[in-house]
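Undergrad: First the structure, then my questions, so here it is.
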Amino acid sequence: MSKKLEGNGLWESSRMMLPQHREALQNQRNDRPTPPSKPTPEDIGIMKDYVLLPVMHGIIKKKANEIENSSTMLRALYAKVAHALAAHMLTDLAEIKNRMSVKSIQVFEQEKNDRVIHYRYICRGYEDTFAMAKDYMRAEISVRTSRYIDHLVASVYTARRGD
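So the sequence shown is numbered by the UniProt record's numbering: it starts at 1 and just counts up by one.
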């Protein structure tokens with residue numbers, strides 16, 4: 001190769017690739033398995049929701065049954081509100097399960113003791129574990145339940161103004 005063609009980009013810019021070679025190169029790149037990537041913060045939030053929502057639903061359903069069997073004067077109101085909260089939580093849980101399926105996320109309870117529950121997860125081929133302290137779960141469930149209540153009350157007020 002002559003000195004004029006070296007380093008000036010002329011030789012490099014005159015290279016040509018046949019369409020068959022280009023297609024073969026792209027197929028080769030697509031056949032390589034992509035390495036599993038760590039879960040994003042959104043993925044971790046979905047996993048937390050998947051763990052917490054069934055527990056929240058169980059607590060609300062239990063309280064609704066207790067209220068129905070109590071002698072409280074407003075038991076019918078309290079029970080209906082509790083059942084409405086439980087139904088909303090089930091709807092959210094179904095949505096979370098759908099998002100997990102779309103994002104290829106699976107969560108399995110691994111080990112449980114008095115203070116911590118350990119979970120194993122698979123997120124798009126990446127496998128790892130996480131743990132949730134029961135004290136943290138109680139606090140988080142309390143906060144989330146309050147949000148559900150606030151949302152329900154806000155929807156009642158919004159519906160009332162629409163009348």
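Built from N, CA and C at the ideal position, the CB exists for glycine as well. This structure is a prediction, so every number in the text was calculated from the model and none was measured.
#1: Which whole-angstrom value describes the C-beta separation of VAL81 and LEU152, a residue pair presumed to lie in contact below a C-beta threshold of 8 Å?
#2: Determine the closest residue to ILE149 out of TYR78, ASP49, SER104, with distance taken between C-alpha atoms.
#3: Around the Cβ of TRP11, are there at least 16 other Cβ atoms within 10 angstroms (buried) or fewer (exposed)?
#4: For TRP11, name the three-state secondary structure that DSSP assigns.
#5: Mind checking whether ILE117 and GLU127 have CB atoms under 8 Å apart?
#6: Just how far apart, CA to CA, sit PRO35 and PRO19?
#7: Less than 8 Å between the beta carbons of TYR121 and MET47, yes or no?
#8: Where in the region 73-116 do unbroken runs of the alpha helix (DSSP H), each at least 4 residues long, occur, reported from the N-terminal end onward?
#9: Give every residue of the same chain whose Cβ lies closer than 7 Å to the Cβ of LYS38, excluding the five residues on either side of it in the sequence, and list them in chain order.
TA: This is what the structure gives:
#1: On the sequence shown, residue 81 is found 81 positions in, with the first residue counted as 1. On the sequence shown, residue 152 is found 152 positions in, with the first residue counted as 1. The C-beta distance from VAL81 to LEU152 rounds to 7 Å, short enough to meet the 8 Å contact threshold.
#2: Sequence index remark: in the sequence shown, residue 149 carries index 149 (1-based). Looking from the CA of ILE149, the closest CA among TYR78, ASP49, SER104 belongs to TYR78.
#3: Within the sequence shown, numbered from 1, the residue matching residue 11 stands at position 11. A caution first: TRP11 carries a pLDDT of 49, below 50, which makes its placement in the model unreliable, though a value can still be read off. Per the 10 Å Cβ criterion, exposed.
#4: Locating residue 11 in the sequence shown gives position 11, counting from the first residue. Note that TRP11 has pLDDT 49, beneath the 50 cutoff, so the model's placement of it is unreliable and no number is given.
#5: The sequence position of residue 117 within the sequence shown is 117, counting from 1. The sequence position of residue 127 within the sequence shown is 127, counting from 1. In this structure, ILE117 sits away from GLU127, with a CB-CB distance that is not shorter than 8 Å.
#6: As a working note, residue 35 is residue 35 in the sequence shown. As a working note, residue 19 is residue 19 in the sequence shown. So the two alpha carbons sit approximately 28 Å from each other.
#7: Translated into the one-based positions of the sequence shown, residue 121 becomes position 121. Translated into the one-based positions of the sequence shown, residue 47 becomes position 47. Yes, these two residues count as a Cβ contact at 8 Å.
#8: Taking 4 residues as the shortest admissible run, the region 73-116 contains the following complete alpha helix (DSSP H) segments, listed from N- to C-terminal end: 75-102.
#9: For the purposes of this step, residue 38 is identified with residue 38 of the sequence shown, where counting begins at 1. Same-chain partners within the cutoff: TYR126.
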